[in-house]
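Trainee: The structure follows.
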Amino acid sequence: MNRADLSSSRPVRVGAFVAVAVLHLLAIGLLIRAFAPDFTSKAVDAVVTTFTVTVKTVEPSPPPPPEPKGGAAEGAAGEAGKRAVPREGAAPKPKVAIPRPKVAPPVAATGAADSSGARDEGAGTG
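Below you can see the structure in the form of structure tokens.
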């Protein structure tokens, strides 16, 4: 048996490819529009701002200050500056009173003995 020639011509295949590509781009565009509505306006603004040119005029620089005439010789010490005077002040009173530490309780011992516990050795290991 002979096989039937089911392949399509080249222009039909190219047209189908272009149609599928356009449909994919349209679907992607609709998804972007649905989930990020301001994305397209931001993209357009970004593209437009790259081509927007703002022309600014350069202001002339101010003339240099005039040099002082006469005065002290170069390299000489200048006049003494003002002396710093500290202001009087004190730390503010704390709003929360800090409690004083309590005296520790007396030691539970008898006099000046240097041992504790049982007086006689017992039969145990301790």
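No gaps in the numbering here: position 88 of the sequence shown is 85 in our numbering, and each next residue is one more. Idealized CB from N, CA, C, for every residue including glycine. This structure is a prediction, so every number in the text was calculated from the model and none was measured.
(1) What distance in whole Å lies between the Cβ atoms of Ile29 and Phe36, which are believed to be in contact at a cut-off of 8 Å?
(2) If you drop the 5 nearest sequence neighbours on each side, which residues of the same chain put their C-beta closer than 7 Å to that of Arg10?
(3) Can the beta-carbon of Ser5 be found closer than 9 Å to that of Ala13?
(4) In terms of residue numbering, what span does the alpha helix (DSSP H) encompassing Ile29 cover?
(5) Quick check: what's the CA-CA separation for Thr51 versus Arg80?
Mentor: Let me spell this out:
(1) 6 Å
(2) none
(3) yes
(4) Arg7 to Phe32
(5) 50 Å
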